[in-house]
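Visitor: Okay, handing you the structure first.
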Ligand SMILES: NC(=O)c1ccc[n+]([C@@H]2O[C@H](COP(=O)([O-])OP(=O)(O)OC[C@H]3O[C@@H](n4cnc5c(N)ncnc54)[C@H](OP(=O)(O)O)[C@@H]3O)[C@@H](O)[C@H]2O)c1
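Residue numbers (our numbering): 301 to 555.
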């Protein structure tokens, strides 16, 4: 009888992460979920028929988070897939240093800690899937939240390095770049389009992992936007922001 498949979802308490818990459970996995909001994880776990594991974890405290992930893998016996989904986005036009550092601690330091721990474990095991949730935002900078976009660039390029390290080892790294997905993170963004449900996003993420894809945009049509983002020349890219938002306090300050 084949072994039961097991997955860890880091950042499972809401949005895309929560939907991933349901998707992996639907596919027959035992699912471990981690995040800071333990009460939400416990509620989600009640809805899952397969075996679940619940651990409170704050990835902005990377060393402690690594200890928790390592203990969790030990407790589970083995793990086939780890999804590093945790992330925060804070609009920060005023460039408040606290917010900038907060985003970097979670999305950069936390991500690196979780992804590198996952890869070391999988390389030792000789197989496994790491899935990291980056963003289309990582393709270029943004005046609205410079550290968020830069952090997602880090996530994608970090995974690129891990993929090179894992070449021909049986360990696969999938870089997920969503456009808009309907979650708490995008609730206050006024201009949204092509917004996917978390269920659809989770199904596509799972499928991409199973197909051992290196990188995917969620949903597929965001490939078009990615191409446009690459093609727009810098002068136009900067100008668009100025035209769309002429009253920015930061710009008044610079003038
Ligand atoms: N929604 C979109 O349109 C969109 C687009 C592109 C990329 N993404 C990316 O998708 C991922 C999921 O976001 P979402 O849209 O589903 O938003 P969300 O509902 O706010 O989910 C964020 C998840 O990350 C967890 N998290 C945040 N800080 C954490 C920390 N310090 N330690 C551990 N877990 C932490 C949260 O759990 P706790 O708060 O309980 O810790 C939560 O489970 C993020 O990486 C985001 O950047 C989203």
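Glycine included, C-beta positions come from ideal geometry on N, C-alpha and C.
Note that this is a predicted model, so its numbers are computed, not measured.
Could you check whether the Cβ of residue 386 sits closer than 7 Å to any heavy atom belonging to ligand 1?
Guide: True, at least one ligand heavy atom lies under 7 Å from that Cβ.
Visitor: Going along the chain, which unbroken runs of the alpha helix (DSSP H) with 4 or more residues stay wholly within the segment 445 to 469?
Guide: Within the segment 445 to 469, the complete alpha helix (DSSP H) runs of at least 4 residues are 446 to 465.
Visitor: Considering Cα atoms alone, identify which of 475, 465, 312, 486 is closest to residue 391.
Guide: When each option's Cα is compared against that of residue 391, the closest is 486.
Visitor: Under a three-way DSSP split, which group does residue 563 fall into?
Guide: Past the boundaries of the shown model lies residue 563; the chain is included only from 301 to 555, so the question cannot be answered.
Visitor: Cβ of residue 509 within 7 Å of any heavy atom in ligand 1?
Guide: Because no heavy atom of ligand 1 lies under 7 Å away, the Cβ of residue 509 does not count as near it: no.
Visitor: What does DSSP give as the partner residue(s) for residue 474 in the beta ladder?
Guide: According to DSSP, which records beta bridges pairwise, residue 474 is partnered with 431.
Visitor: Assuming residue 432 and residue 384 form a contact by the criterion Cβ under 8 Å, report the distance between their Cβ atoms to the nearest whole angstrom.
Guide: That belief holds up - the Cβ atoms of residue 432 and residue 384 are roughly 5 Å apart, short of 8 Å.
Visitor: What are the start and end residues of each continuous beta strand (DSSP E) run of 3 or more residues lying completely inside the segment 490 to 540, in chain order?
Guide: 515 to 518, all fully within the segment 490 to 540.
Visitor: Please confirm if the segment 367 to 379 is in contact with the segment 306 to 315, defined as three or more CB-CB distances below 8 Å between the two stretches.
Guide: Output reads yes: the segment 306 to 315 touches the segment 367 to 379.
Visitor: Quick one: residues in its chain with C-beta nearer than 8 Å to the C-beta of residue 502, no 5 flanking neighbours on either side, listed in chain order?
Guide: Excluding sequence neighbours, residue 502 sits near 316, 319, 320, 322, 323.
Visitor: Please work out which residues of its chain come closer than 8 Å, Cβ to Cβ, to residue 400, disregarding the five sequence neighbours upstream and downstream, and give them in chain order.
Guide: Cβ neighbours of residue 400 beyond the five flanking positions: 392, 446, 447.
Visitor: Let's test the definition: count the other Cβ atoms within 10 Å of the Cβ of residue 339 and tell me whether it reaches 16, buried, or not, exposed.
Guide: Exposed is the call here.
Visitor: Only counting the same chain, and skipping five residues up and downstream in sequence, which positions put a Cβ closer than 8 Å to that of residue 522?
Guide: Taken in chain order, the residues that qualify are 436, 477, 478, 479, 494.
Visitor: Looking only at its chain, what residues have a beta carbon closer than 6 Å to the beta carbon of residue 541, apart from the 5 residues adjacent to it on each side?
Guide: 443, listed in sequence order.
Visitor: Between the alpha carbons of residue 313 and residue 532, how many angstroms are there, rounded?
Guide: Taking the straight line from one Cα to the other gives about 37 Å.
Visitor: With C-beta atoms as the reference, is residue 375 less than 8 Å away from residue 353?
Guide: Yes, these two residues count as a Cβ contact at 8 Å.
Visitor: Residue 396: beta carbon under 7 Å from a heavy atom of ligand 3?
Guide: With respect to ligand 3, the structure offers nothing, as its ligand set consists of ligand 1.
Visitor: Can you tell me whether residue 484 sits near ligand 1, meaning its C-beta is under 7 Å from at least one heavy atom of the ligand?
Guide: The answer is yes for residue 484.
Visitor: DSSP on residue 329, reduced to helix/strand/coil?
Guide: In this structure, residue 329 counts as coil in the three-state DSSP scheme.
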